[in-house]
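A short worksheet on the structure shown next.
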Amino acid sequence: MHLWLPVALAAVLAGTGLYGVLARRNAVLVLVGVELVLASATLLLVTLGARGSTGASGATALPALQTGQVLTLFVITLAAAEICVALAVVLALFRLQGHVDVSEEPRTEDTAARTRAGSGA
Amino acid sequence: MTARDLAFLLVGLVCAASAVLAVTTRQVVHSALWLVVCLGTLAGCYVVLGAELVALVQLLVYVGAVVVVVLFALMLTRAPIGRNDGLGTPRLQRVAAAVLGAATTGLLLVALVPLVGTEATTPQNGDTRSVAAALFGAWVWPFELLSLLLLVALVGAVAVVRVSGPARPTRDPS
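Each protein sequence line maps, in turn, to chains A and B. Everything in the first sequence is counted per the working numbering, starting at 4 for the first residue and increasing by one. Everything in the second sequence is counted per the working numbering, starting at -9 for the first residue and increasing by one.
Quick look at the structure:
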């Protein structure tokens, strides 16, 4: 099998995820981009694990195949923990601001007072 | 071009196309659903690469849990259903983001394709038994720490959502 195919897919996923992070205004959709970047990282780990240990590895080195897959499992678990906390932050942001638009001006005490004064006038 | 190559090409093209759709669609919920397709086909890629345990965990954790959490977050933040043109940043920023994304893809291709080489290799098949032996052998302490991390993430998420200060208006009154 040509291993440059999965590597190319990982590169495409990373670029797409970066575009998603930068081009979206909804905070939840920004997290979708982050998930794509993480998926590209896990695909790369699995690919390099399937490549086998061809480098200079000592007798005590771990086999590349299991290492790649075990690290992928770890990254998947870390991604689950990350998305959990990140969405909690998004929900807290929604409670605070009433929207989750990441390119809006953040609602501080100052701007809240200003909008109140503006609506009162 | 072996059968494995062909299988990977098919699954990988669907994966890449659905990833692009997930970040470009104008409907919020469709983005999460395209993410399901993308991560599901990525599990198919893992199967082609011979990592069946990782593929199953990917299906269970990502498609089963993460996307459901994303959909919940979309519902709880009252995401607009239907076509919405206000999802993207201004055009100039989107063009810059596209250039940056393409540049990242190109950079990764240039850096990583020579690393794995373009000649055909026979990937090793990872049976679950050996992966499990590695997981509970050499990697057992990181594995245990990971359970602690999940607990901390759980408590942290609940704490972040619960402590949001005294009663503030959930919506901008103006």
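No residue lacks a Cβ here, since even glycine has one placed at the ideal position from N, Cα and C.
In terms of beta-carbon proximity, E107(A) stays away from the interface with chain B, with every pair separated by 8 Å or more. Contact between the region -7 to 2 of chain B and the region 43 to 53 of chain B is absent: fewer than three C-beta pairs spanning the two stretches fall below 8 Å.
When DSSP reads this structure, G78(B) sits in a beta bridge with R27(A). Per the coordinates, the alpha-carbon of L90(A) lies some 24 Å from the alpha-carbon of L46(A).
A straight line joining the alpha-carbon of R98(A) with that of A82(A) spans about 24 Å.
Here F77(A) is buried: its Cβ has 16 or more other Cβ atoms, across all protein chains shown, within 10 Å. V18(B) and P70(B) do touch by the CB rule: their CB atoms are close to 7 Å apart, below 8 Å. Look at V53(B): its C-beta is not under 8 Å from any C-beta on chain A. Residue nearest to Q83(B) within the set A42(A), A14(A) and V24(A) is V24(A) (criterion: CA-CA distance). Taking 8 Å as the cut-off between beta carbons, the residues of the region -2 to 9 of chain B near chain A are F(-2), L(-1), G2, C5, A6 and A9, in sequence order. Under the Cβ distance rule, V31(A) counts among the residues neighbouring chain B, one pair being separated by less than 8 Å.
Remark: C-beta atoms of V13(B) and G101(A) do not approach each other more closely than 8 Å. In terms of beta-carbon proximity, A53(A) lines the interface with chain B, with at least one pair separated by less than 8 Å.
Apart from the 5 residues on each side of it in sequence, A30(A) sits with its Cβ closer than 8 Å to the Cβ of V93, L96, V103, D104 and V105 in its chain, given in chain order. Our two residues, A22(B) and L102(B), have alpha carbons roughly 29 Å apart in a direct line. Bridge pairing for D104(A): N29(A) [DSSP]. For W131(B), no CB of chain A lies under 8 Å from its own CB, so it is not counted at the interface with that chain. L25(B) is positioned such that its CB atom lies closer than 8 Å to that of V60(B). Closest in C-alpha terms to H5(A), from the list E109(B), L66(B), A55(B) and L39(B), comes E109(B).
Using a CB distance cut-off of 8 Å, V37(A) does not count as an interface residue toward chain B.
Setting aside the 5 residues that flank it on each side, L48(A) is surrounded in the same chain by G71, L74 and T75, each with a C-beta closer than 6 Å to its C-beta; the list follows chain order.
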